[in-house]
Amino acid sequence: MSVPCFLSAAARSFSLQSPAAGLLCCRLLGHSSSIRRNMSSKRQIDHLERTASNSRQNTLYPAEVCGIIDESDTVKRLRIAVHPDFIFKAGQWVDFFIPGVETVGGFSMCSSPGLLQREGVIELAVKYTKHPPAHWVHTMCTVGSSVAMRVGGDFFFDPSPSDPSVDLLLVAGGVGINPLYSILLHTTDLLHLNRASGGRGYNIGSAHLCYSAKNTQELLFKSSIIEACREFPDKFSCDFHITQQSTDVDPHLQPFLKRGRITEEELRAHVDPQRTLCYLCGPPPMIEAISKTLMDLGLPKDRILFEKWW
Numbered sequence: 325m326s327v328p329c330f331l332s333a334a335a336r337s338f339s340l341q342s343p344a345a346g347l348l349c350c351r352l353l354g355h356s357s358s359i360r361r362n363m364s365s366k367r368q369i370d371h372l373e374r375t376a377s378n379s380r381q382n383t384l385y386p387a388e389v390c391g392i393i394d395e396s397d398t399v400k401r402l403r404i405a406v407h408p409d410f411i412f413k414a415g416q417w418v419d420f421f422i423p424g425v426e427t428v429g430g431f432s433m434c435s436s437p438g439l440l441q442r443e444g445v446i447e448l449a450v451k452y453t454k455h456p457p458a459h460w461v462h463t464m465c466t467v468g469s470s471v472a473m474r475v476g477g478d479f480f481f482d483p484s485p486s487d488p489s490v491d492l493l494l495v496a497g498g499v500g501i502n503p504l505y506s507i508l509l510h511t512t513d514l515l516h517l518n519r520a521s522g523g524r525g526y527n528i529g530s531a532h533l534c535y536s537a538k539n540t541q542e543l544l545f546k547s548s549i550i551e552a553c554r555e556f557p558d559k560f561s562c563d564f565h566i567t568q569q570s571t572d573v574d575p576h577l578q579p580f581l582k583r584g585r586i587t588e589e590e591l592r593a594h595v596d597p598q599r600t601l602c603y604l605c606g607p608p609p610m611i612e613a614i615s616k617t618l619m620d621l622g623l624p625k626d627r628i629l630f631e632k633w634w
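Numbering-wise (our numbering), the sequence shown opens with residue 325 and increments by one.
Printed below as a string of structure tokens:
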């Protein structure tokens with residue numbers, strides 16, 4: 325369902341009550357000691373506390389839900405009309421404030437900055453859990469619901485035209501695809517700009533996506549990802565990994581599909597220590613294992629950025 329995507333007077337006058345918690349953690353690999361402390365703590369650390377050391381904007385912007393799409397059986401994608409001054413970089417998240425819900429959510433954008441510029445909206449894909457913000461999205465959120473958001477995060481891809489070309493390796497587990505999909509869409513937008521300018525724009529290298537989920541139903545945005553690979557076959561490639569599916573697979577997906585977890589051999593084929601910049605997002609055990617493998621393959625840890633979902 326959807327409505328015209330503009331911010332209503334009610335949303336512009338939105339007021340907040342006190343915040344508390346969320347569900348997302350973003351860290352650079354170099355901050356391993358703080359990560360170990362967080363992972364070993366038995367006390368649940370809330371979103372605002374966990375991300376206190378991350379960069380975030382000072383301004384909290386009103387917003388209004390203008391579309392709700394069932395992305396899968398367990399994931400809803402929200403289209404949200406935002407304030408004209410709202411900006412973000414591909415890969416960043418928002419502190420998500422809901423009227424009447426004390427807990428503050430942390431959700432990564434799954435849309436590109438280009439969509440924001442063109443239509444004045446952002447998109448968030450939220451998996452069902454009993455965590456209060458996610459539960460609200462799945463049980464109470466409607467078109468017209470007013471919320472407020474503040475952008476944060478040091479996990480983003482925001483090249484300038486003068487930057488040297490890099491090759492992206494994007495590794496996602498489950499709903500960890502959200503910020504990486506934003507980065508992939510942003511890269512697509514930059515390639516379109518290059519095409520329109522006759523190749524005088526950004527220095528865009530290649531991008532390979534390794535995306536693991538339990539089954540093909542849980543592979544979010546798969547059709548759009550395949551479209552990008554087919555539109556720019558010299559730039560984009562992807563491997564979808566499914567770990568818990570025994571049934572037949574849609575023939576449309578078959579050329580991109582692998583059964584089982586992401587392997588060292590696949591990663592090795594897409595790692596050049598001089599050119600590769602890797603973005604990882606997914607469950608903490610997966611991130612720890614992939615990060616170690618990448619460093620064993622010679623990728624410097626300052627070229628490995630990751631975001632852990634808790």
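Heads up, the beta-carbon is just placed ideally off N, CA and C, and yes, glycines get one too.
Please read these numbers as outputs of a predicted model, since none were measured by experiment.
Requested in this report: With DSSP collapsed to three states, give me the class of MET619.
Outcome: In the structure shown, MET619 sits in a helix (DSSP, three-state: H, G or I).
Buried/exposed call for ILE393, threshold 16 Cβ in 10 Å: The residue in question, ILE393, is exposed, as its Cβ has fewer than 16 Cβ neighbours within 10 Å.
**Request:** Using 10 angstroms around the beta-carbon of SER435, count the other beta-carbons present and answer buried if the total reaches 16, otherwise exposed.
**Result:** Taking a 10 Å sphere around the C-beta of SER435, we find 16 or more other C-beta atoms and assign the residue as buried.
TODO: Ignoring anything shorter than 4 residues or poking outside the segment 412-444, list the alpha helix (DSSP H) runs there in chain order.
DONE: With a minimum length of 4 residues, the continuous alpha helix (DSSP H) runs that stay inside the segment 412-444 are 437-443.
### Message
Buried or exposed for HIS455, going by 16 or more other Cβ atoms inside 10 Å?
### Response
Within a 10 Å sphere around the beta-carbon of HIS455 sit 16 or more other beta-carbons, which makes this residue buried.
At 3 residues or longer, and completely inside the segment 545-575: list those beta strand (DSSP E) runs for me, N to C.
-> Taking 3 residues as the minimum length, the beta strand (DSSP E) runs contained wholly in the segment 545-575 are 560-566, in order along the chain.
Give the C-beta separation of VAL499 and GLY529 to the nearest angstrom, bearing in mind that I take them to be a contact with Cβ-Cβ under 8 Å.
Contact annotation, VAL499 with GLY529: C-beta distance approximately 26 Å; criterion of less than 8 Å not satisfied.
Could you give the distance in angstroms between the alpha-carbon of VAL461 and the alpha-carbon of GLU388? Those two C-alpha atoms are separated by around 13 Å.
Q) Would you report the Cα separation of ASN518 and PRO488, rounded to the nearest angstrom? A) Their Cα atoms are separated by approximately 15 Å.
Take SER469 as the anchor and find which of VAL406, THR587, THR427, THR567 has the nearest alpha-carbon.
Per the C-alpha coordinates, the member of VAL406, THR587, THR427, THR567 positioned closest to SER469 is VAL406.
_Beta-carbon proximity list for LYS451, same chain, < 7 Å, skipping 5 on both sides_ = Scanning its chain for C-beta atoms nearer than 7 Å, with the 5 sequence neighbours on each side dropped, one finds around LYS451 the residues THR398, VAL399, ALA458, VAL499, in chain order.
Practice problem: Return the CA-CA distance between VAL573 and THR540, expressed in angstroms with no decimal places. | Solution: Looking at the two C-alpha atoms, the distance is approximately 8 Å.
Quiz item: Going by the CB atoms, is the gap between ALA520 and LEU492 shorter than 7 Å?
Solution: In this structure, the beta-carbon distance from LEU492 to ALA520 does not fall below 7 Å.
Next on the checklist: Quick check: the Cα distance between THR587 and PRO408, rounded to an integer number of angstroms?
Outcome noted: One C-alpha to the other measures close to 43 Å.
Roughly how many angstroms separate the alpha carbons of PHE330 and CYS390, rounded to a whole number? Across the structure, PHE330 and CYS390 are spaced so that their CA atoms are roughly 8 Å apart.
Apply the 10 Å Cβ neighbour rule to ALA306 and answer buried if 16 or more other Cβ atoms are within range, or exposed otherwise. Here the chain comprises residues numbered 325 to 634, so residue 306 is not present and cannot be evaluated.
* Where HIS371 sits in the DSSP three-state scheme -> Looking at HIS371 - three-state DSSP - the assignment turns out to be helix.
Neighbour-count burial assignment, SER615, 16 or more Cβ in a 10 Å radius:
It counts as buried.
query: Using the rule of at least 16 other Cβ atoms within 10 Å of the residue's Cβ for burial, across every protein chain shown, is ILE628 buried or exposed?
result: So ILE628 counts as buried.
Requested in this report: Compute the minimum distance between the beta carbon of LYS559 and the heavy atoms of the ligand MG, and state whether it is under 6 Å.
Outcome: This structure lacks the ligand MG, and indeed carries no ligand of any kind.
Go ahead and pull the three-state DSSP assignment for ALA376.
When secondary structure is reduced to three states using DSSP, ALA376 falls in the coil class, being assigned neither helix nor strand.
Open item on the list: Taking the beta strand (DSSP E) that ILE404 belongs to, which residues open and close that run?
Closed with: In the DSSP assignment, ILE404 falls within the unbroken beta strand (DSSP E) covering 399-406.
**OP:** Return the first residue and the last residue of the alpha helix (DSSP H) that ILE393 is part of.
**Re:** No alpha helix (DSSP H) holds ILE393; the beta strand (DSSP E) holding it covers 385-394.
- Query: DSSP on GLY497, reduced to helix/strand/coil?
  - Reply: Strand.
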